[in-house]
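Some notes on the structure that comes next.
Numbering (the working numbering), first residue to last: 176 to 469.
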């Protein structure tokens, strides 16, 4: 992984900022958010989808990337059948622009696929091609990456390259334990990347429940990992979520007045009010993409 990090940085150095600036207007900022979780079944993908739509409703240009290893299912929630995915780009069979799909919800979508773990072991030619293609996404305001649940080199690569990491958990004891577990791995494996980590508690019965669970995890992370984790917010447990999954229509659109919809809009609204200092946009993303081994 360390050799890949050096190689990727060298490729980006050779291209310099010029390659990036030709792909986007001067002063434009691309915010890259990785949405992850310690275990499956906590609603991570659902949150990533609806968060992307909430950003789009604020007038942002949003690209949602399904980077869930072996379990790519964002397309199911969006009721889309993709005919190409990231693996086609990695294999140099398609351009990135050819696999970006429009949706009915104001966001653009890039599908993942089985075999996507190959991104952790690209050779020089593949890496260079992927870098050049990824730069074409730099006109987006927001890129949301739905990672796989749990931890792998594939997950760490995307997490390391993001500006912010949103860790999703639920009140279940196993989910809480696994949320702390992934926070611990990110904090120790990626300790030199200065990643901003935020915790979101899904399926709560009350705001107080969400706060208590988050405080427990945040305090333990501060005490034993010496790592700051911020509280992002909570989302209520609500039958509107299950109903929307069955209908294959995001709950923010299907039930805009439901509690989960109000929660996600509130969370995104608060995020947008926070100061975001961009280092070097997608150039930074791509240089950091393999640095997790350092």
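Even glycine gets a Cβ: it sits at the ideal position worked out from N, Cα and C.
Small disclaimer: the values here were computed from a predicted structure and weren't measured.
So the beta strand (DSSP E) residue 448 belongs to, where does it begin and stop?
Counting along the chain, residue 448 falls outside any beta strand (DSSP E), though it belongs to the alpha helix (DSSP H) covering 434-448.
For my contact list, residue 219 and residue 343 are in at a C-beta cut-off of 8 Å; report their separation, rounded to the angstrom.
Contact holds; Cβ gap of about 5 Å.
Would a C-beta distance cut-off of 9 Å place residue 410 and residue 379 closer than the cut-off?
It is a contact, given that the beta carbons lie within the stated cut-off.
Apart from the five residues on each side of it in sequence, which residues of its chain come closer than 7 Å, Cβ to Cβ, to residue 263?
Contacts found: 269, 274.
The alpha helix (DSSP H) spanning residue 399 covers which residue range?
Residue 399 -> no alpha helix (DSSP H), and no H or E assigned at all.
Using a Cβ-Cβ cut-off of 7 Å (strictly less than) and excluding sequence neighbours within five positions of residue 416, which residues of its own chain qualify?
Taken in chain order, the residues that qualify are 221, 426, 435.
Who are residue 211's beta bridge partners in DSSP?
Paired residue(s): 342.
What are the boundary residues of the beta strand (DSSP E) that residue 205 is part of?
Run containing residue 205: none; DSSP gives neither H nor E here.
Measure the C-alpha to C-alpha separation of residue 238 and residue 282 and round it to an integer number of angstroms.
Their Cα atoms are separated by approximately 6 Å.
Using alpha carbons as the reference points, say which of 271, 321, 241 lies closest to residue 339.
The shortest Cα separation from residue 339 among 271, 321, 241 belongs to 321.
Would DSSP call residue 298 helix, strand or coil?
Correct three-state label for residue 298: coil.
Between which two residues does the alpha helix (DSSP H) holding residue 219 run?
Unbroken alpha helix (DSSP H) run through residue 219: 219-232.
Output needed for residue 438: all residues of its chain with C-beta closer than 8 Å, excluding positions within five of it in sequence on either side, in chain order.
The residues are 408, 409, 410, 411.
For residue 421, is the classification buried or exposed, using 16 other Cβ atoms within 10 angstroms of its Cβ as the cut-off for buried?
Residue 421 is exposed by the Cβ-count criterion.
Measure the alpha-carbon distance for residue 198 versus residue 307 and round it to whole angstroms.
A caution first: residue 198 carries a pLDDT of 48, below 50, which makes its placement in the model unreliable, though a value can still be read off. For residue 198 and residue 307, the distance between alpha carbons rounds to 10 Å.
Alpha carbon to alpha carbon, how far is residue 394 from residue 405? Give it in angstroms, no decimals.
C-alpha separation (whole angstroms): 10 Å.
Just mark residue 187 as buried or exposed, buried being the case when its beta carbon has 16 or more other beta carbons within 10 Å.
At residue 187, the pLDDT of 41 sits below 50, so the modelled position is not reliable and the matter cannot be decided from this model.
May I ask you to report which of helix, strand or coil DSSP gives residue 277?
Note: residue 277 maps to strand in three-state DSSP.
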